Amino acid sequence: MTLAACTPGASPDPGGVDSPVDAVDPPRPGRSTLDWRRCGKPFECATLRVPLNHARPAGRKLGLAVIRLQAPVRDQRLGSLVVNPGGPGGSGVQFVRHGAIDAIPAELRAQFDIVGFDPRGVGRSAAVSCGGASNDLLSSDLSPDSPGEVAPLLAAARRLAQACGDRNGPLLHRMSTEDVARDLDLLREALGDRQLTYVGFSYGTFIGATYAQLFPQRTRALVLDGAVDPSLDAQQRARQQVQQLERTLGDFLDACDTEPTCPLGRRKGQSRDRFETLLAALKQAPLPVPGSGRALQASELLVATAGLLKDRGPGWTSLGLGLRLASDGDGSLLLAVADRALGQAGSGDWLGPLLAVNCLDVPAPRPQAYPSWPPATSPTSSAFAKPSAVSSTATSGGTGAGIWRMTPPASSQSWLQTTRMSWY
(Lines of atoms letter the chains of each structure in order from A and count residues from 1; the text may use other names and numbers.)
(Lines give C-alpha, C1' and ligand atoms only; values in the text may rest on other atoms or scores of the structure.)
Protein backbone atom coordinates (compact mmCIF):
# COMPACT_ATOMS: atom_id res chain seq x y z
CA MET A 1 0.00 0.00 0.00
CA THR A 2 1.51 3.33 -1.01
CA LEU A 3 -0.88 5.93 0.24
CA ALA A 4 -0.26 9.62 -0.20
CA ALA A 5 2.54 11.69 1.15
CA CYS A 6 2.51 13.74 -1.97
CA THR A 7 0.96 15.81 0.62
CA PRO A 8 -1.30 18.80 0.59
CA GLY A 9 0.10 19.62 4.02
CA ALA A 10 3.81 19.44 3.25
CA SER A 11 5.52 22.69 2.40
CA PRO A 12 7.70 22.90 -0.71
CA ASP A 13 11.20 21.59 -0.17
CA PRO A 14 13.56 24.55 0.09
CA GLY A 15 16.34 22.42 -1.32
CA GLY A 16 14.63 21.99 -4.67
CA VAL A 17 13.93 18.85 -6.67
CA ASP A 18 16.39 15.97 -6.50
CA SER A 19 18.81 15.80 -9.40
CA PRO A 20 18.25 13.08 -12.01
CA VAL A 21 20.58 10.13 -12.06
CA ASP A 22 22.60 11.38 -15.03
CA ALA A 23 23.39 14.69 -13.35
CA VAL A 24 26.73 15.48 -11.74
CA ASP A 25 27.10 13.74 -8.38
CA PRO A 26 26.52 15.97 -5.35
CA PRO A 27 29.62 17.03 -3.44
CA ARG A 28 30.95 14.31 -1.16
CA PRO A 29 30.81 14.90 2.59
CA GLY A 30 33.76 13.97 4.74
CA ARG A 31 34.10 10.23 5.12
CA SER A 32 31.66 8.87 7.69
CA THR A 33 32.81 6.51 10.40
CA LEU A 34 31.08 3.77 12.36
CA ASP A 35 31.62 3.37 16.10
CA TRP A 36 30.57 -0.25 16.65
CA ARG A 37 29.17 -1.44 19.97
CA ARG A 38 27.69 -4.73 21.13
CA CYS A 39 23.90 -4.83 20.86
CA GLY A 40 23.07 -8.40 21.83
CA LYS A 41 25.45 -11.23 21.01
CA PRO A 42 26.56 -11.85 18.25
CA PHE A 43 25.56 -8.48 16.78
CA GLU A 44 27.21 -5.06 16.71
CA CYS A 45 25.41 -1.76 16.08
CA ALA A 46 26.45 1.73 15.01
CA THR A 47 25.01 4.98 13.69
CA LEU A 48 25.90 6.36 10.26
CA ARG A 49 25.63 10.14 9.86
CA VAL A 50 24.40 11.20 6.40
CA PRO A 51 23.26 14.53 4.93
CA LEU A 52 19.53 15.15 4.78
CA ASN A 53 20.17 16.69 1.35
CA HIS A 54 23.06 15.07 -0.51
CA ALA A 55 23.47 18.22 -2.60
CA ARG A 56 24.27 20.05 0.66
CA PRO A 57 26.62 17.71 2.54
CA ALA A 58 27.49 20.32 5.17
CA GLY A 59 23.85 20.85 6.10
CA ARG A 60 21.48 19.01 8.41
CA LYS A 61 22.41 15.40 9.20
CA LEU A 62 20.43 12.23 9.82
CA GLY A 63 21.52 9.26 11.89
CA LEU A 64 20.95 5.87 10.24
CA ALA A 65 20.84 2.73 12.40
CA VAL A 66 23.28 0.02 11.25
CA ILE A 67 23.82 -3.56 12.45
CA ARG A 68 26.33 -6.24 11.49
CA LEU A 69 26.95 -9.92 12.04
CA GLN A 70 30.68 -10.39 11.63
CA ALA A 71 32.23 -13.19 9.61
CA PRO A 72 33.60 -15.73 12.11
CA VAL A 73 37.09 -16.13 10.61
CA ARG A 74 38.59 -12.72 9.93
CA ASP A 75 41.40 -13.88 7.64
CA GLN A 76 38.82 -15.52 5.34
CA ARG A 77 36.63 -12.42 5.21
CA LEU A 78 36.03 -10.93 1.74
CA GLY A 79 34.20 -7.80 2.88
CA SER A 80 30.70 -6.67 3.82
CA LEU A 81 27.41 -7.93 2.41
CA VAL A 82 24.70 -5.28 2.82
CA VAL A 83 21.11 -6.55 2.80
CA ASN A 84 17.71 -4.88 2.48
CA PRO A 85 14.42 -6.76 3.06
CA GLY A 86 12.17 -4.53 0.93
CA GLY A 87 9.23 -2.32 1.67
CA PRO A 88 9.52 0.58 1.30
CA GLY A 89 9.67 0.73 5.06
CA GLY A 90 11.37 -2.57 5.86
CA SER A 91 13.96 -2.48 8.63
CA GLY A 92 17.34 -3.86 7.63
CA VAL A 93 18.34 -3.89 11.30
CA GLN A 94 15.45 -6.15 12.24
CA PHE A 95 16.01 -8.30 9.17
CA VAL A 96 19.63 -9.01 10.10
CA ARG A 97 18.80 -9.52 13.77
CA HIS A 98 15.90 -11.92 13.16
CA GLY A 99 16.32 -13.31 9.66
CA ALA A 100 19.91 -13.22 8.46
CA ILE A 101 20.78 -16.74 9.56
CA ASP A 102 17.80 -18.17 7.67
CA ALA A 103 18.00 -15.91 4.61
CA ILE A 104 21.78 -15.80 4.02
CA PRO A 105 23.56 -19.10 3.26
CA ALA A 106 26.24 -20.22 5.69
CA GLU A 107 28.87 -20.04 2.94
CA LEU A 108 28.27 -16.31 2.57
CA ARG A 109 28.11 -15.69 6.31
CA ALA A 110 31.50 -17.36 6.58
CA GLN A 111 33.09 -14.90 4.13
CA PHE A 112 31.19 -11.65 4.62
CA ASP A 113 30.09 -9.43 7.47
CA ILE A 114 26.30 -9.32 7.08
CA VAL A 115 25.23 -5.68 7.37
CA GLY A 116 21.74 -4.19 7.57
CA PHE A 117 20.55 -0.62 7.96
CA ASP A 118 17.28 1.18 8.52
CA PRO A 119 16.85 3.50 5.53
CA ARG A 120 16.10 7.14 6.24
CA GLY A 121 12.64 7.58 7.70
CA VAL A 122 12.40 3.93 8.76
CA GLY A 123 12.66 2.23 12.15
CA ARG A 124 15.47 3.79 14.18
CA SER A 125 16.56 6.15 11.40
CA ALA A 126 14.41 9.22 12.08
CA ALA A 127 11.25 7.22 11.48
CA VAL A 128 8.43 8.97 9.66
CA SER A 129 5.27 8.91 11.75
CA CYS A 130 1.82 10.06 10.71
CA GLY A 131 0.10 9.59 14.06
CA GLY A 132 -3.36 8.20 14.45
CA ALA A 133 -4.24 8.98 10.83
CA SER A 134 -2.55 5.73 9.80
CA ASN A 135 -4.83 3.62 11.95
CA ASP A 136 -7.83 5.69 10.88
CA LEU A 137 -7.16 4.72 7.29
CA LEU A 138 -6.56 1.07 8.11
CA SER A 139 -9.85 0.92 9.97
CA SER A 140 -11.66 2.15 6.84
CA ASP A 141 -13.26 -0.17 4.30
CA LEU A 142 -10.25 -0.96 2.11
CA SER A 143 -12.35 -2.84 -0.44
CA PRO A 144 -15.13 -0.40 -1.38
CA ASP A 145 -17.72 -1.65 -3.82
CA SER A 146 -19.37 1.60 -4.94
CA PRO A 147 -18.48 5.27 -5.55
CA GLY A 148 -20.23 6.09 -2.28
CA GLU A 149 -17.78 3.83 -0.43
CA VAL A 150 -14.77 5.10 -2.39
CA ALA A 151 -15.22 8.73 -1.31
CA PRO A 152 -14.69 8.24 2.46
CA LEU A 153 -11.68 6.03 1.81
CA LEU A 154 -10.01 8.66 -0.35
CA ALA A 155 -10.89 11.28 2.25
CA ALA A 156 -9.13 9.17 4.90
CA ALA A 157 -6.10 8.91 2.62
CA ARG A 158 -6.00 12.69 2.22
CA ARG A 159 -6.21 13.16 5.99
CA LEU A 160 -3.29 10.78 6.34
CA ALA A 161 -1.33 12.76 3.76
CA GLN A 162 -2.03 15.98 5.64
CA ALA A 163 -0.94 14.45 8.95
CA CYS A 164 2.27 13.07 7.45
CA GLY A 165 3.16 16.46 6.01
CA ASP A 166 2.39 18.31 9.22
CA ARG A 167 4.41 15.94 11.43
CA ASN A 168 7.52 15.29 9.35
CA GLY A 169 8.40 18.38 7.34
CA PRO A 170 11.53 18.42 5.14
CA LEU A 171 12.39 14.73 5.60
CA LEU A 172 9.40 13.75 3.45
CA HIS A 173 11.02 15.47 0.48
CA ARG A 174 14.28 13.54 0.95
CA MET A 175 13.12 9.93 1.08
CA SER A 176 13.38 8.92 -2.56
CA THR A 177 15.13 5.73 -3.57
CA GLU A 178 17.92 7.86 -5.02
CA ASP A 179 18.47 9.42 -1.58
CA VAL A 180 18.63 5.94 -0.04
CA ALA A 181 21.09 4.74 -2.70
CA ARG A 182 23.37 7.67 -1.93
CA ASP A 183 23.15 6.81 1.77
CA LEU A 184 24.10 3.26 0.82
CA ASP A 185 27.25 4.53 -0.88
CA LEU A 186 28.26 6.39 2.27
CA LEU A 187 27.66 3.19 4.22
CA ARG A 188 29.88 1.24 1.82
CA GLU A 189 32.60 3.82 2.31
CA ALA A 190 32.27 3.79 6.10
CA LEU A 191 32.51 -0.01 6.09
CA GLY A 192 35.85 0.29 4.29
CA ASP A 193 34.74 -1.58 1.16
CA ARG A 194 36.05 -0.37 -2.20
CA GLN A 195 32.94 -1.75 -3.93
CA LEU A 196 29.45 -2.70 -2.79
CA THR A 197 28.26 -6.28 -2.38
CA TYR A 198 24.49 -6.25 -1.86
CA VAL A 199 21.40 -8.45 -1.57
CA GLY A 200 17.96 -6.85 -1.94
CA PHE A 201 14.52 -8.40 -1.75
CA SER A 202 11.39 -6.94 -3.39
CA TYR A 203 11.65 -3.12 -3.12
CA GLY A 204 15.24 -3.67 -1.97
CA THR A 205 16.00 -4.64 -5.57
CA PHE A 206 15.04 -1.12 -6.64
CA ILE A 207 17.58 0.29 -4.17
CA GLY A 208 20.25 -2.02 -5.57
CA ALA A 209 19.47 -1.22 -9.20
CA THR A 210 19.45 2.49 -8.42
CA TYR A 211 22.83 2.18 -6.73
CA ALA A 212 24.30 0.33 -9.70
CA GLN A 213 23.12 3.01 -12.11
CA LEU A 214 24.39 5.82 -9.90
CA PHE A 215 27.70 4.18 -9.01
CA PRO A 216 28.59 1.46 -11.55
CA GLN A 217 32.29 1.59 -10.76
CA ARG A 218 31.60 1.08 -7.05
CA THR A 219 29.41 -1.99 -7.59
CA ARG A 220 31.01 -5.39 -6.99
CA ALA A 221 28.03 -7.78 -7.01
CA LEU A 222 24.26 -7.51 -6.57
CA VAL A 223 21.61 -10.14 -5.89
CA LEU A 224 18.14 -8.77 -6.72
CA ASP A 225 15.49 -11.23 -5.54
CA GLY A 226 11.90 -10.60 -6.64
CA ALA A 227 12.85 -7.55 -8.65
CA VAL A 228 10.67 -4.47 -8.97
CA ASP A 229 10.36 -3.24 -12.56
CA PRO A 230 11.47 0.41 -12.34
CA SER A 231 9.80 1.36 -15.63
CA LEU A 232 6.23 0.90 -14.31
CA ASP A 233 4.00 3.69 -13.04
CA ALA A 234 1.91 3.36 -9.89
CA GLN A 235 -1.11 1.71 -11.51
CA GLN A 236 1.00 -0.72 -13.55
CA ARG A 237 3.06 -1.66 -10.51
CA ALA A 238 -0.01 -2.24 -8.35
CA ARG A 239 -1.72 -4.30 -11.06
CA GLN A 240 1.37 -6.48 -11.53
CA GLN A 241 1.69 -7.01 -7.79
CA VAL A 242 -1.94 -8.04 -7.51
CA GLN A 243 -1.60 -10.56 -10.34
CA GLN A 244 1.52 -12.08 -8.79
CA LEU A 245 0.01 -12.31 -5.33
CA GLU A 246 -3.17 -13.90 -6.64
CA ARG A 247 -1.25 -16.56 -8.61
CA THR A 248 1.00 -17.45 -5.70
CA LEU A 249 -1.87 -17.47 -3.20
CA GLY A 250 -3.75 -19.82 -5.53
CA ASP A 251 -0.75 -22.15 -5.60
CA PHE A 252 -0.59 -22.11 -1.80
CA LEU A 253 -4.31 -22.75 -1.28
CA ASP A 254 -4.35 -25.57 -3.85
CA ALA A 255 -1.35 -27.16 -2.14
CA CYS A 256 -3.07 -26.87 1.24
CA ASP A 257 -6.00 -28.95 -0.01
CA THR A 258 -3.69 -31.91 -0.67
CA GLU A 259 -0.86 -31.44 1.85
CA PRO A 260 -1.48 -33.42 5.06
CA THR A 261 0.55 -31.00 7.18
CA CYS A 262 -1.53 -27.96 6.17
CA PRO A 263 -4.40 -27.47 8.65
CA LEU A 264 -6.64 -25.46 6.32
CA GLY A 265 -8.34 -27.98 4.06
CA ARG A 266 -8.91 -31.64 3.26
CA ARG A 267 -10.88 -31.33 0.04
CA LYS A 268 -10.60 -29.30 -3.16
CA GLY A 269 -11.50 -25.66 -2.59
CA GLN A 270 -11.78 -25.88 1.20
CA SER A 271 -8.63 -23.88 1.89
CA ARG A 272 -9.74 -21.04 -0.38
CA ASP A 273 -13.18 -21.06 1.23
CA ARG A 274 -11.63 -20.70 4.68
CA PHE A 275 -9.31 -17.92 3.57
CA GLU A 276 -12.11 -15.92 1.97
CA THR A 277 -14.41 -16.47 4.95
CA LEU A 278 -11.73 -15.17 7.32
CA LEU A 279 -11.04 -12.17 5.10
CA ALA A 280 -14.74 -11.29 4.91
CA ALA A 281 -15.09 -11.62 8.69
CA LEU A 282 -12.12 -9.31 9.34
CA LYS A 283 -13.57 -6.72 7.00
CA GLN A 284 -16.71 -6.72 9.10
CA ALA A 285 -14.97 -6.74 12.49
CA PRO A 286 -11.22 -6.92 13.32
CA LEU A 287 -10.19 -9.84 15.53
CA PRO A 288 -8.97 -8.73 19.00
CA VAL A 289 -5.56 -10.10 19.99
CA PRO A 290 -5.50 -10.54 23.79
CA GLY A 291 -2.60 -8.92 25.60
CA SER A 292 -1.65 -6.64 22.71
CA GLY A 293 -4.31 -3.96 22.94
CA ARG A 294 -4.77 -4.39 19.21
CA ALA A 295 -6.84 -6.35 16.73
CA LEU A 296 -5.97 -8.17 13.52
CA GLN A 297 -7.44 -6.23 10.61
CA ALA A 298 -8.07 -7.36 7.04
CA SER A 299 -5.18 -5.20 5.82
CA GLU A 300 -2.79 -6.92 8.24
CA LEU A 301 -4.02 -10.34 7.14
CA LEU A 302 -3.10 -9.39 3.57
CA VAL A 303 0.31 -8.03 4.60
CA ALA A 304 1.12 -11.23 6.52
CA THR A 305 -0.13 -13.40 3.67
CA ALA A 306 1.93 -11.55 1.07
CA GLY A 307 5.05 -11.79 3.22
CA LEU A 308 4.77 -15.50 3.99
CA LEU A 309 3.93 -16.46 0.40
CA LYS A 310 7.49 -15.51 -0.60
CA ASP A 311 8.93 -18.54 1.20
CA ARG A 312 7.54 -21.81 -0.07
CA GLY A 313 9.07 -23.75 2.81
CA PRO A 314 8.70 -22.39 6.36
CA GLY A 315 6.69 -19.39 5.12
CA TRP A 316 3.92 -21.52 3.66
CA THR A 317 3.88 -23.70 6.78
CA SER A 318 3.53 -20.63 9.02
CA LEU A 319 0.84 -19.17 6.78
CA GLY A 320 -1.27 -22.32 6.96
CA LEU A 321 -0.96 -22.39 10.74
CA GLY A 322 -1.63 -18.67 11.11
CA LEU A 323 -4.74 -18.81 8.94
CA ARG A 324 -6.12 -21.78 10.84
CA LEU A 325 -5.44 -20.12 14.21
CA ALA A 326 -7.10 -16.90 13.06
CA SER A 327 -10.09 -18.85 11.77
CA ASP A 328 -10.36 -20.32 15.27
CA GLY A 329 -10.15 -16.89 16.91
CA ASP A 330 -6.40 -16.41 17.52
CA GLY A 331 -4.88 -13.72 15.29
CA SER A 332 -1.63 -13.27 17.24
CA LEU A 333 0.64 -15.12 14.80
CA LEU A 334 -0.57 -13.25 11.72
CA LEU A 335 -0.40 -9.90 13.52
CA ALA A 336 3.19 -10.60 14.57
CA VAL A 337 4.11 -11.58 11.01
CA ALA A 338 2.54 -8.41 9.61
CA ASP A 339 4.41 -6.27 12.13
CA ARG A 340 7.73 -7.91 11.33
CA ALA A 341 7.14 -7.66 7.58
CA LEU A 342 6.63 -3.94 7.95
CA GLY A 343 9.59 -3.44 10.28
CA GLN A 344 7.40 -1.57 12.75
CA ALA A 345 6.52 -4.16 15.38
CA GLY A 346 3.92 -2.91 17.78
CA SER A 347 3.63 0.63 16.46
CA GLY A 348 0.79 0.23 13.99
CA ASP A 349 2.20 3.26 12.09
CA TRP A 350 4.01 1.70 9.13
CA LEU A 351 2.34 3.62 6.31
CA GLY A 352 4.44 6.75 6.75
CA PRO A 353 7.78 5.62 5.30
CA LEU A 354 6.11 3.49 2.66
CA LEU A 355 3.95 6.26 1.28
CA ALA A 356 6.73 8.86 1.50
CA VAL A 357 9.09 6.83 -0.68
CA ASN A 358 6.50 5.79 -3.22
CA CYS A 359 5.12 9.28 -3.55
CA LEU A 360 8.55 10.60 -4.51
CA ASP A 361 9.44 7.66 -6.72
CA VAL A 362 6.33 6.85 -8.72
CA PRO A 363 4.02 9.21 -10.66
CA ALA A 364 0.49 8.62 -9.41
CA PRO A 365 -2.88 8.82 -11.18
CA ARG A 366 -5.73 11.03 -10.10
CA PRO A 367 -8.42 9.65 -7.76
CA GLN A 368 -10.90 9.66 -10.65
CA ALA A 369 -9.01 6.72 -12.13
CA TYR A 370 -9.84 4.47 -9.20
CA PRO A 371 -13.30 3.10 -10.14
CA SER A 372 -12.10 1.79 -13.52
CA TRP A 373 -9.46 -0.66 -12.36
CA PRO A 374 -8.35 -3.31 -11.70
CA PRO A 375 -11.11 -5.86 -12.33
CA ALA A 376 -11.61 -8.38 -9.56
CA THR A 377 -11.90 -12.02 -10.56
CA SER A 378 -12.53 -13.40 -7.08
CA PRO A 379 -13.03 -12.16 -3.52
CA THR A 380 -9.33 -12.74 -2.96
CA SER A 381 -8.17 -10.78 -5.99
CA SER A 382 -10.62 -8.04 -5.03
CA ALA A 383 -9.07 -7.89 -1.58
CA PHE A 384 -5.58 -7.47 -3.00
CA ALA A 385 -6.60 -5.28 -5.94
CA LYS A 386 -8.73 -2.59 -4.41
CA PRO A 387 -6.30 -1.47 -1.69
CA SER A 388 -3.56 -1.43 -4.34
CA ALA A 389 -5.70 0.76 -6.55
CA VAL A 390 -6.53 3.09 -3.68
CA SER A 391 -2.89 3.25 -2.71
CA SER A 392 -1.86 4.59 -6.08
CA THR A 393 -4.81 6.86 -6.78
CA ALA A 394 -4.69 8.31 -3.28
CA THR A 395 -1.28 9.76 -4.09
CA SER A 396 -3.07 12.35 -6.20
CA GLY A 397 -0.74 15.23 -6.81
CA GLY A 398 2.25 12.92 -6.67
CA THR A 399 4.44 13.59 -9.69
CA GLY A 400 7.28 11.27 -8.86
CA ALA A 401 9.54 14.31 -8.85
CA GLY A 402 12.35 12.43 -7.16
CA ILE A 403 12.44 9.60 -9.69
CA TRP A 404 14.50 8.98 -12.75
CA ARG A 405 13.68 6.46 -15.45
CA MET A 406 15.71 3.28 -15.79
CA THR A 407 15.60 0.63 -18.48
CA PRO A 408 15.56 -2.96 -17.18
CA PRO A 409 18.87 -4.67 -18.04
CA ALA A 410 17.21 -8.01 -18.77
CA SER A 411 13.79 -9.55 -18.95
CA SER A 412 12.28 -12.98 -18.77
CA GLN A 413 8.78 -14.37 -18.93
CA SER A 414 9.65 -17.19 -16.55
CA TRP A 415 8.43 -16.94 -12.97
CA LEU A 416 10.85 -16.94 -10.06
CA GLN A 417 9.34 -19.69 -7.91
CA THR A 418 7.07 -18.18 -5.27
CA THR A 419 8.06 -14.56 -5.82
CA ARG A 420 6.36 -14.64 -9.23
CA MET A 421 8.30 -11.71 -10.64
CA SER A 422 8.65 -11.55 -14.43
CA TRP A 423 11.42 -8.93 -14.52
CA TYR A 424 14.85 -9.38 -13.06
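Numbering of the sequence shown is given in numbering that gives the first Met the number 0, commencing with residue 0 and proceeding in unit increments.
Don't be surprised by glycine CBs; every beta carbon is placed ideally from N, CA and C.
Note that this is a predicted model, so its numbers are computed, not measured.
Using only alpha-carbon positions, find the residue among the options that is nearest to residue i.
i, options, result
"Leu153", "Leu170, Arg30, Ser133", "Ser133"
"Leu359", "Glu43, Thr176, Ser298", "Thr176"
"Gln296", "Thr257, Leu322, Leu47", "Leu322"
"Pro118", "Thr196, Phe94, Leu286, Ile103", "Phe94"
"Gly203", "Thr46, Trp35, Pro84, Asp338", "Pro84"
"Lys267", "Ala284, Gly249, Gln283", "Gly249"
"Arg339", "Ala303, Pro71, Trp315, Thr276", "Ala303"
Just how far apart, CA to CA, sit residue i and residue j?
i, j, result
"Ala325", "Leu332", "8 angstroms"
"Gly264", "Ser270", "5 angstroms"
"Gln161", "Asp74", "53 angstroms"
"Cys163", "Ala211", "31 angstroms"
"Asn167", "Leu281", "31 angstroms"
"Val222", "Ser79", "14 angstroms"
"Arg67", "Phe111", "10 angstroms"
"Gly86", "Leu353", "7 angstroms"
"Ala54", "Leu183", "15 angstroms"
"Arg293", "Pro287", "6 angstroms"
"Met420", "Leu244", "Confidence at Met420 is low in this model, with a pLDDT of 36, below 50, so its placement is unreliable and the value that follows should be read with caution. Cα to Cα, the separation comes out at about 10 angstroms."
"Ala125", "Arg193", "28 angstroms"
"Gly58", "Leu159", "29 angstroms"
"Cys44", "Val81", "14 angstroms"
"Glu188", "Ala150", "48 angstroms"
"Pro259", "Ala337", "26 angstroms"
"Asn357", "Gly88", "10 angstroms"
Below 8 angstroms CB to CB, which residues in the same chain sit around residue i once its five sequence neighbours on both sides are set aside?
i, result
"Leu252", "Leu263, Gly264, Ser270, Arg271, Phe274"
"Arg236", "Val227, Asp228, Val361, Ser391"
"Pro41", "Leu68, Gln69"
For a test of the three-state rule: what should DSSP assign to residue i, helix, strand or coil?
i, result
"Ser326", "helix"
"Thr316", "helix"
"Ser124", "strand"
"Gly492", "Nothing about residue 492 can be reported from this structure: the residues present for the chain run from 0 to 423 only."
"Lys40", "coil"
"Leu51", "coil"
"Ala45", "strand"
"Leu33", "coil"
"Leu263", "coil"
"Leu295", "strand"
"Ser230", "coil"
"Lys282", "helix"
"Ala424", "Since the first residue of the chain shown is 0 and the last is 423, residue 424 is not available in this structure."
"Glu258", "coil"
"Ala338", "Note on residue identity: the sequence assigns Asp, not Ala, to residue 338. Helix."
Near residue i, which residues of its chain fall below 7 angstroms by C-beta distance, leaving aside the five closest residues on each side in sequence?
i, result
"Thr209", "Thr176, Glu177, Ala180"
"Arg96", "Phe42, Ile66"
"Thr218", "Gln194, Leu195, Tyr210, Ala211"
If I measure Cβ to Cβ from residue i and keep anything under 6 angstroms in the same chain, skipping five residues before and after, which residues do I get?
i, result
"Gly131", "none"
"Val127", "Gly120, Asn167, Gly351, Pro352, Ala355"
"Asp224", "Phe200"
Practice problem: Output the residue ranges of the beta strand (DSSP E) runs that lie fully inside the stretch 158 to 225 and measure 3 residues or longer, sorted by chain position. | Solution: Fully contained in the stretch 158 to 225 are the following beta strand (DSSP E) runs of length 3 or more, in chain order: 195 to 200, 218 to 224.
Quiz prompt | Complete beta strand (DSSP E) runs within the stretch 59 to 147 (minimum length 3 residues, chain order) | solution = 60 to 68, 78 to 83, 111 to 116
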